[in-house]
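So for the sequence shown, numbering that gives the first Met the number 0 puts the first residue at 0; every next one is plus one. Note that beta-carbon positions come from the ideal geometry of N, C-alpha and C, so glycine has one too. Note that the structure is predicted; figures quoted are calculated from it, not measured. What follows is a set of notes on a single structure, which appears directly below.
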Amino acid sequence: MSTMKLTILATSFLHAVVAVSATVLPEQPKLADGLYKSYLDDAGNEVTHFVPWDQLGNSTYVPTVQVLPSPTVNKRSILVKRKEGCHPNVNRPSSETDQANKCLIDSFSNDPIVTTANGYKRFSCVKGNSLSYICSYNRGPVLGPGSTTRKWKSDIKGSWDYVKRTLCGINRLGYAQVINGEGDVTAGYTYNGDKYCW
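Structural data, given as C-alpha cells:
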C-alpha cells in the first residue's frame, strides 16, 4: 500500500474518532455515594433522607433532608410497578453493583423489612456509577389491606441474584419483583443518574 493511501486512511480514521468523541451524550445528573430513603408527604412532595457513604454505620450522623416538589416527582418517571426487565444497553461491573446492593441491604436492621403507606417507600444506595434500589408500591390508607409491605432480606437478595444470574446477566442492569412476603416491591440496580421507582 502506498504512503499516500496510508496517510489518507489514517486521516479518515482520525476524523471518525473526532466525530464520535464530539457526539458524546450529555452528562446525566448523578447522586453522591451513600444511602437514600424517600417517602411522599401529604402534599405529594418527595422527602429524601441521605447519609454519605463515609458516614454509613455512624449512629450519631444526622441525615441530610431534601424535599422535591410534587410536580417534579410526577415528571420524573413513567415507570410504576414494573414487574421485571433488563436495561437495553447499559452495563456496570458486577463488583460495583454488589457493593451498592450490600450497602442497601445492610442499612436495614430489621428482617423482614416493613414499609407502611406513610413511611419510606424508595430506598437506594449509590456507589460510583452504580445504584441499587428497592421500591415499595404500597398504597393507603395507613391501616388496612395494601397499606404495608413485608419482605425478607433473603428474598430481596434473591431478586438481585435472579436479575444477575438468570434474567439479565452478570454485568447487565435490571430489576425484578420481590417474591414472597406481603405487598408489591421491586428490587434492582441501575446506573447512577437513571430514573427508577416512581
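- In the three-state reduction of the DSSP assignment, Tyr-60 falls in the coil class, being assigned neither a helical nor a strand state.
- DSSP links Pro-51 through a beta bridge to Gly-33.
- Sorting Tyr-35, Ser-106 and Lys-150 by C-alpha distance to the C-alpha of Asn-137 places Lys-150 at the top.
- Taking Val-177 as reference, the option from Asp-193, Arg-171, Ala-186 and Tyr-119 with the minimal CA-CA separation is Ala-186.
- According to the DSSP assignment, Asn-128 belongs to no beta strand (DSSP E), since it is labelled neither H nor E.
- Trp-159 is positioned such that its CB atom lies closer than 9 angstroms to that of Asn-100.
- Taking all protein chains shown into account, Tyr-60 has fewer than 16 neighbouring C-beta atoms within 10 Å of its C-beta and is therefore exposed.
- Straight-line measurement puts the Cα of Val-64 at about 15 angstroms from the Cα of Lys-120.
- Between Ala-42 and Leu-67, the alpha-carbon positions lie close to 11 angstroms from each other.
- Leaving aside the five residues that flank Ser-93 on each side, the residues in its chain whose CB is nearer than 6 angstroms to its CB run, in chain order, Ile-169 and Asn-170.
- Runs of the beta strand (DSSP E) lying entirely within the stretch 82-120, each at least 3 residues long, are 83-90 and 112-115 in chain order.
- Separation of Gly-127 and Glu-181 (C-alpha to C-alpha, rounded to the nearest whole angstrom) is 32 angstroms.
- CA-CA distance, Ser-58 to Ser-106, rounds to 11 angstroms.
- Here Thr-96 really is in contact with Tyr-188; their C-beta atoms are around 5 angstroms apart, less than 8 angstroms.
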